Structures are given as C-alpha cells and as structure tokens.
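Reading through the structure tokens given below for one structure.
Numbering (UniProt numbering), first residue to last: 1 to 1208.
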C-alpha cells in the first residue's frame, strides 16, 4: 500500500480557493452588468438617451424575427400538404413563389447593398476642390470588387426575368386552353407582376446611377491608363502576363456590359423562346393581352396614388412601369394592338408630368423625360411628343407648386403627428373588456404612423430634389420647414421606440386578430365551396383548394415566404378574369374585405422595416454643407425649439450605414470619423460658440448694471434675445460614440475666460465671483473657482499688470540682452526713480499666480506683435518708402562689384535726408525715427517673452532647492519598493544602496506610501524636464506669424526690408551717442542700452527670410571701414598740425590760439568717430547674439526653399 506524500501544501484547499475566487469574480462581474442594464432600462426611452445604432436591446418582430428563427424552412415546407390534394396547384404556387422571393431579394440587394457604395464614391460635397486623378484611380481600383458583384447581379436579374417571362408564357399559352392548366390561365397573379415591376425599377435605377456616375468613369479611365503603363513596362513591375490578361478582360467586360448604358437593352433583347417546350413569347397574344392589362392596372394605380397621402412607393413603381413598358414594346412588336400601344404610350408619357424627378440615392436622380428621350425616341416622335421641353417645364411647375404647398402641408402634418403621438401615449389596455378595441386601435395607429412618416419623408425629399433640379434657391423659411420635417420623422421613430414594449407584448395578438378576420371570411367560403364541389367545374375545385391552403397558411408564422404564398393563393382563389359560377361571383364580394385585412397584415408583419425606411434621413448627408450650419444657426435663433435638438442629431446618424458601406476607401470608418468631426465643427461654430459669447456678454452686462451700479450698461428688453438658457438646461445628448453636453462646453469656456481675465486684473475677483453665482442662477452653470491670490509678495513690477499694458511697456522701457533687464525710459516719468524688471520679479509673479500666466503672456505678446507688424507693413507699403528702397536695391545690385559688395554709408545718409523731406510727426520726430522706435518695440516684446521663459525656469529652480537630489536619476519609488518598474541605471543604483548595508525593512512600505512617493517622483520628473528643456517661445511665435504671411503677392513689399536697416542703424547709433552723453550731464536723463532694436531687426529678417540678403550688404564691414579710415585720417591730421605747431618757434598769439582751437576740434571729432565705432561694434555684436535665438526656427518660405535645394 502506497503512503501519501506530505509536501507541506494542501493542494485540494488551494484548488478550492482558486475556484471560489473565480466564482466570486464571475458573480461580481455579472452583478455589475445587471446593474448597468437595470439603470439603462430605468432611464427614459427618449432621443436624449437612445441611439438606434447602439440600442441596448433590439427587438425583432414580424417577418425578420420569423426568418431568423426558421432559416431552414423552404417554400415547399410552407405550402405543406397541398401537393397531396392538388398537385398542379402546388407546383404553380411553388414556382411563382420562388421567383417572387428571388426577385424581391434582388431588388432589396440593389437598393440596400449596391447603390449606396456607388453613390458614396461620387461624394465631394464638402471638398473645396474636385477629386484628383490619383484619388479617382485608387477609388476605382477598390470599386472593382463591387463592380464585379454588380455584374453578377445583372446576370442573375437577366436569368430570373427570363425564367419568369417563360413561366408566364407557358401559363398564358393558347395551348393551355384545353388541358389541365386551363383553370389557371384565367388567374392573374398580381404579386408576380408587381415583383417583376420592382426588379425593373431596381435595374433602371442601377443603370441610371452608372450612367450618371462621372467620378467612376473618370476613375476607371485613369485606371486603364495605369494598366497600359504597367503592361508596357512589365519589367519594372512584378506582374504575371496571364493575370494581367484576365484582369484586362474583366475590365473590358465591366466597361462593355455595365457602363455602356445597355443593361436594359441586353435584358430585353435576350431570347425568351423555348422551342423544345413549345413555349412562344413574342407571338403569344394571350400573354400580350395579360401583359397589357397588368400594365394598364399598374399605371392606373400609380395615377391614383401620386400626390395623395397613400402614395407609398408609387414613384419607384413608375420607374418599374417605364421598364415594363419598354420591355412590352420590344417583346410584342407584332402581337401588340396599335390602338392599345398608343394609349399606353400616351399614359406613360403624361405620367412623367406629375412625377418629373424621382430620388434614387445621394445625388443620383431619375428623370423620366430624359430616359424617355434616350430610350423611346421613335415612339415619341411618332406621336410628336418632345419630353425634353415638357420635362423641364414640368420640373419648374412642380418646383413652384412645392413652394406654395410645402409650408401648409407641413403644418397639417405637424398637427396630425402631434395627435398621433398623443394617441400613442394613451394607448394602454385598462380593462379586459376593451382589449378588442385596444388591438384594433393599436393596429390602426401603427399603420397610420408609418403612413405619416412616408408622407413627411416624401414631401421633404421631393421639395429638396425639385429645387436642385430647377436650380432654385430654397428660402430660409423653408429651411426651417425642412428641419422641422426631419424632426417630425425622428419624433415618430422615437414614439415607436417608446412603445416597443407594448407593441412587442401585443404583437402576436395583433397578428392573430387580423388573421382571424381573414380566416372567418375564408371559412365561410370554404363551407360554401364544400357544398357545391361535387357538381362544380375545375375552376371551383382549384378555388376550393386555394381557400383551404389559405386557411392553412394563416395558421402558420407570418414569414415573408408565408405572405408570398398567401398572396399567390388568394390570387388563385379570387383574382380571375372570368367568373361564370354564381357562388364564385358571391365569393368575389368578400374579396375586398380579405384584401383589406391582408394589406393590414402585410404592413404589421413588415412594420419595423417599413418604419426604418420611412424615417430614414440619409438624404441629409448629401446636403450637409448646405443644411447643417443653417439648422444650428436657425435653432439658436429660436431657443424655445431647443428640445428638438436631440431629434436633429438623431437624424444626422442615419447616414452611418451608407458611409460604412463605402468601398472606394481602405477604411470606411475614416469617412465616418470625418463626418462626425464635421458635425462637431458645425455645432461648435454655429451653436456653442455663439451661445458662449452671448451668455458671457449677458453676465457682464447684468453684473455691470446691477452689481457695479452702472445702469447705463443695461440692455433694453427689446434688444435682448430669447432665453438661451434652454440650451444649457438640456441633459447630455447621445452623439455617435460619445455624449454631448452643451452646459459642460459653456462651463469650460467660461472657466477659461474668467481665469485668464481675472489673472490679468486680480482686483476684479469679486466681480467674477458674482458672475459665477449669476451663471448658476440664470443658466444653471457651475463654473469653477480660479483660486487666484490677490497680489504678489515681493517688490517689483507685477507681470499681470505688464501683460495687460504690453503696448505701453514695450514703448516706455529699454531692454538689455546680456543682463536680461528692462529699464524705464527717463523721458516717460517725472519721478526721480526708474522702474526695472528683472528675472526675479517674473519668478515671484509666476510663483504667486501660477504657471498659467506664461501662456497668457505669450498670447498677448503674439497679439502685440501682429499690431506692430501691421504698422510696419503699412509704412513699407508707402509709395515714397517703397520706391526709395527699390531704387537702393537696384543701385546696390548694379554697382555691387564697384562697391566690393559693401553697402556705402553715404546711401544710408542720403536715404535719411530723403525721408526727412517728408516732414515730421506731431512729437517732432521724423517718420524714419518713428519706424526705428517701432522696430525697438518689437524687439522689446520678444525680450519680454524671453524673460518670461527665464523667469519660469528661475521659479522652478527656486522650488527645486527643496529637493537635494534633483540631478539624481533614482526614483524614490525604487528606494522603498525595489519591485517597481524602472531603468537599468536605477536598478544598479538600488543594488549599490543595498550593498552599502541598508536594512531590507526600508524597502517594505504600505501601498498608500508607495502611491504618495510615486506622485512625488512625477513632480520631480516634471521639474527636471522643465529645467533641462524649457519652451521654445521664439520658434512658436515665428511659426505662428509666418503662417499669416503666406500670401507672397500681398506682402511682396516686405521683401525690401533689409534695405532700410542701414538708415535706421545710423539713426540708432546717433541716438545712443546722444543718450549716453546725457548720462554724464547733471540731469542724467539718458539711456545706456537698447538691445531691443537689434533683437527686433534679427526677428524681422528671419521672419521675412531676408537674413542672407542683409548679410550680402556687408553693412557693418562697410561702416567699420568708413569710420576706421576716417579716424586714421583725423589722427594723421592731428599729428601733422601738432608737428607744424611745434616747428614754429614764435607764433603769434592769435595764430596760436586759432591752431589750438582747430586741434581741439579735430580731437573732439576723432572722439565722436571713436564713439561711433564703439556703438557700431556693440550693435554688430548684439545682431550676432540675437541671431542665436532664431537659429533653429526656419520660416515656411525658407523651409520650402531648403527642401527644394535638398531635392535638387
């Protein structure tokens, strides 16, 4: 016997604990999920929280749910045992049911799968330029898979239509009048003819889309050119000859069979005869008569429905009627009667006057008059009809009619929808005795809601389409109507969604109540047929079988297959061309009641699909550039309609399916993201931005009028807008994958505004606090407190005051680049003391007010620079200045070799004299002196920003004093927790600390301590990064200003700025000499530094891209040589005069005094020349130093030139 081993571990216990942990984890997760679902269901089912594309639970009712539950059910299983009783009836019903379902599937595939991606390929409504050849080529390449599917679809349509026509020809053949098929030759299967009409409608729609798709044709043509290039240079491409040949054949087939406008022609011209079965089509008069009567019936139905609330899909049926009529003309060229043919042509032609334009999808429209003139020119010329003239006039008349009727009809529909929603809200069973009335009312409400949605959608789409075709602008009032119509559609959808639970609960009862009515009528007929079945004809026998089969079908789930079979069975029972028996004639009277009940049953079974189609606002996507901005602007102008904003956003979601069906891009989600970004941009620019500004102005005016006691600031009640607080009181709205809360957006804007402005004027804290409280009371906005202190604690100028008055500061202070110091100009104050600004003052302000003032300062400096640059540009654009600069530039270029490439000082002095002739300003300065001062102000602004960066580093460095190991890379977290993730260097440091003998208990710490140390590590890391890097404010400013100077033609006059630097340098040196002379005098009102001039010149040269051109002037070398030569000349002259005076032994006293005075004057002149040399040397050094600041920054123009040079 083996003994048990004891390893010191209870394996069973560990497994139990692990299993219990898993169970606990599963239970807690499941509980959390259930709580989330419960919270979702507790919320109101309204468009504020509900998105149909991300619904929590989606209930599928009717045919779609039945189809999902019975995927293996066939049509034979649906018909059941009817083959045992009447095999011929079973075979005919089975054949036509299969054809109908196939035609319906092809029709649905065309409109839902094929046409949307084709329409998306041509979408360029939001593009400033047309689609490029490269984009069209790539899109066409990606569309080849869709075109191949489309070609396969066309082939399937041809086979199905051919098979359907052959089956109808076999049924309505004269040979069947004497055999067992005779009873069915008098039956009119309208369901088959309607499906055939629908598939012709889909075929014509696809053909029209392909015919008018210019982008697709252009893309395929460029794609063919690419293939031709590849085939000519196969050595350069990895291409198989066989694959290339097959691919070219595929392109030829697509081009020849899809894009040649002959899809319908090839379908009509294919062979429909079946000689081996003795089935004739073209000479079958019985089939021709049946085809003619059905076509007449379909035209009558469309004529009755067009323009009425029950129009439905009559416009799409008209497309199918045109295809059927074209098919009829070519199929029965010999068998058709000329009178009947003329009558059909007349009715089909005149029907297009009522329906001049039919919407297909996107920008693709079906114009019947153009199709008639293209397809039936001979037939129309025979009757002297010109569809092109009458078609355009019909469009204009329909457009004028829609302008008149659009608003009244929409008002009437608004009343109807309001009443319908009220009835939907009150439709609840309260008493078992009223259940029958409740079911009847619910069935009617469901159908009425869908009819209202179809009417509204049709009204809005036709109005937009007619105005686009007629090239007539939509009035602004009717834009509001379009928006309101879209909102009504979403209200109907939301009302159905709110009643989903009630409808789902009573759905089976609703279906049963309708099937009971049908079954009751059919059972009465079944009993009557049973009494006479033994003595009646074969017609009655087939009708008896049909009635019995209909009763059996009513007892089954109402799927799409079941409804098709039921429709065909009812046609066999009632829809006969000849009625001989009296009992049959009596049965015809019940057909209308059964037909009404069957139509109600069909609507209820497919009500979810019908609702989705009827409330689909996909058409808005194609007009988003026109409508979306106006929608939000007009809604903001009427705040009382703010509750409709959720419905408007919901309508903008409907195009999601079409966008994701795109095949011309690699990832369709990129298009969806771009669409979402466009809507967000429209909301922010046309709603939220205006709302924020108006709320801020309202708060300011109310605060000034009440709190500050300034009644003159009060706005009259007539001038105020409506209560915009309706928007801020809206709850969060569902917006695609995120939430949109307007109040949060406004709060964020006001937070930023109040903080920035309060930071500039700290004394206004009380006013802004009142505005925060007022925002909460008036608009329900909770604005955060800025927590800004009242003032700084150290002496010196406050950065907030300087930033607020930056324009005055740069004009009244001078900058020293080496000491980073600003000194007040003595001429700007009467005080005996001058203010200075140093780095420590800025550091104190940053430590007091926070680092947020640095970004605010940069923004104010940027605005100041823009104002100064505007003045500078205006001065250089003056004709006198510009002409002189151009003249000097041409002179220097022409005499560059003579001057040895050095700009002469004489030209600069001459320029100063010419400018002096223009006059002086009010303060006595010349305009060129004012310009020099402007350049110095620009440099002072840049120097102030440099000091802000240094002050920020100084503030961080002062704070880093309290961290003794700021330069050490070891993180504190690694010290107390060796298992923390870090770099290899950190691990080595920790190992060294361990080897030094530190106790292991030091490394063990509670999680809270570790978390606190981790926060300290992040702060230290942030300080270390800021100390090492800093912010490149000069580069950011240079790039920001450069973006505004992209227009080369507009700012061409700035290209001569380098020619004006020599004259203003002369003025600057003269000014500095005079100012420094004032320092040695008694009043000491002079200045000793003005490095802002050199910094401003360097910045402007770099900004305009003129650094190299200025260097080519060799200005400082020319001035240096000039003054050095002049100084040497003066020194030589002084030496000569001194020697001459010493040679004379006894000069006369008068001559001696005169010579001494001349020598003194020459000494004084030499001293002034020496001062000038020193100032020019200092200015040159300042130029060289200031260039370092802009060394890494390259303007756009120079960057582009550099890239071009590198490429070359």
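The beta-carbon is built from N, C-alpha and C at its ideal position, and this holds for glycine as well.
Note that the structure is a prediction, hence the values are computed from the model and not measured.
Expected contact under 8 Å - CB spacing of residue i and residue j to nearest Å
i	j	result
residue 613	residue 573	That pair is no contact at about 30 Å.
residue 97	residue 564	5 Å
residue 646	residue 724	So it is not a contact: roughly 17 Å between Cβ atoms.
residue 219	residue 301	Not confirmed; about 40 Å, so no contact.
residue 203	residue 263	7 Å
Limits of the alpha helix (DSSP H) - the one that residue i falls within
i	result
residue 249	241-257
residue 359	Taken as a continuous stretch (DSSP letters only), residue 359 belongs to no alpha helix (DSSP H), being part of the beta strand (DSSP E) at 358-361.
residue 278	Premise fails: residue 278 is in no alpha helix (DSSP H) and is neither H nor E.
residue 701	689-702
Span of the beta strand (DSSP E) around residue i
i	result
residue 816	813-816
residue 385	First-last for residue 385: undefined, no H or E at that position.
residue 1034	Counting along the chain, residue 1034 falls outside any beta strand (DSSP E), though it belongs to the alpha helix (DSSP H) covering 1033-1043.
residue 1228	Residue numbering for the chain in the displayed model covers 1 to 1208; residue 1228 lies beyond these limits and cannot be assessed.
Alpha-carbon spacing of residue i relative to residue j, whole angstroms
i	j	result
residue 1133	residue 1034	49 Å
residue 208	residue 361	11 Å
residue 550	residue 216	49 Å
residue 306	residue 265	28 Å
residue 899	residue 1074	31 Å
residue 845	residue 680	38 Å
residue 1196	residue 1038	Reliability of the predicted coordinates at residue 1196 is poor, the pLDDT of 43 falling under 50, and no value is obtained from them.
residue 984	residue 1186	Summary for residue 984: the model assigns pLDDT 43, below 50, so the residue's position carries little reliability; its value from the coordinates is reported in the next sentence. Answer to the nearest angstrom: the Cα atoms are 41 Å apart.
residue 994	residue 1014	Residue confidence for residue 994 is low, a pLDDT of 45 falling below 50, so the modelled location carries little weight and cannot support an answer.
residue 766	residue 704	12 Å
residue 1003	residue 959	For residue 1003, the pLDDT reaches just 47, beneath the cut-off of 50, and the residue's location in the model is therefore unreliable, although a value from the coordinates is still provided. Cα to Cα, residue 1003 sits roughly 28 Å from residue 959.
residue 286	residue 296	15 Å
residue 632	residue 686	6 Å
residue 838	residue 825	15 Å
residue 782	residue 772	7 Å
residue 1080	residue 1190	36 Å
residue 327	residue 458	28 Å
Sub-8 Å separation of residue i and residue j beta-carbons
i	j	result
residue 882	residue 934	no
residue 1115	residue 903	yes
residue 456	residue 489	yes
residue 954	residue 1094	no
residue 1175	residue 1069	yes
residue 740	residue 775	no
residue 184	residue 171	yes
residue 357	residue 321	no
residue 672	residue 684	no
residue 593	residue 89	no
residue 762	residue 821	no
residue 94	residue 76	yes
residue 453	residue 492	yes
message: Does the contact criterion of 3 or more C-beta pairs under 8 Å hold for the stretch 473-491 versus the stretch 403-420?
response: yes
Touching by the beta-carbon criterion (3+ pairs, under 8 Å), the stretch 944-963 and the stretch 813-831: The stretch 944-963, when compared against the stretch 813-831, does touch it at the 8 Å Cβ threshold.
- prompt: Do the stretch 624-640 and the stretch 369-378 meet, that is, are 3 or more Cβ pairs less than 8 Å apart?
  reply: no
- request: Check whether the stretch 386-401 touches the stretch 326-335, counting contact only when three or more Cβ pairs, one atom from each stretch, lie closer than 8 Å.
  value: no
message: Measuring CB atoms only, is the stretch 1051-1070 touching the stretch 909-921, in the sense that at least three cross pairs come out at less than 8 Å?
response: yes
- prompt: Are the stretch 564-573 and the stretch 180-199 touching by the rule of at least three beta carbon pairs closer than 8 Å?
  reply: At 8 Å Cβ cutoff, the stretches touch.
- request: Tell me, please, whether the stretch 435-455 touches the stretch 600-620 by the rule of three or more beta-carbon pairs shorter than 8 Å.
  value: yes
- prompt: At a cut of 8 Å, does the stretch 151-170 reach the stretch 394-404 through at least three beta carbon pairs?
  reply: no
message: Pairs of beta-carbons, one from the stretch 453-469 and one from the stretch 519-527, closer than 8 Å: are there three or more?
response: As far as the Cβ criterion goes, the stretch 453-469 does not touch the stretch 519-527, which means the pair count is below three.
- prompt: With contact counted as at least three CB pairs below 8 Å, one residue from each stretch, are the stretch 417-427 and the stretch 273-280 in contact?
  reply: no
task: Tell me, please, whether the stretch 658-673 touches the stretch 135-149 by the rule of three or more beta-carbon pairs shorter than 8 Å.
output: Contact holds: three or more Cβ-Cβ distances are below 8 Å.
message: Across the stretch 1088-1103 and the stretch 1121-1141, are there enough close Cβ pairs to call them in contact, namely three or more that are closer than 8 Å?
response: no
field: At least 3 beta-carbon pairs within less than 8 Å: the stretch 246-254 vs the stretch 146-155
entry: Short answer: they touch.
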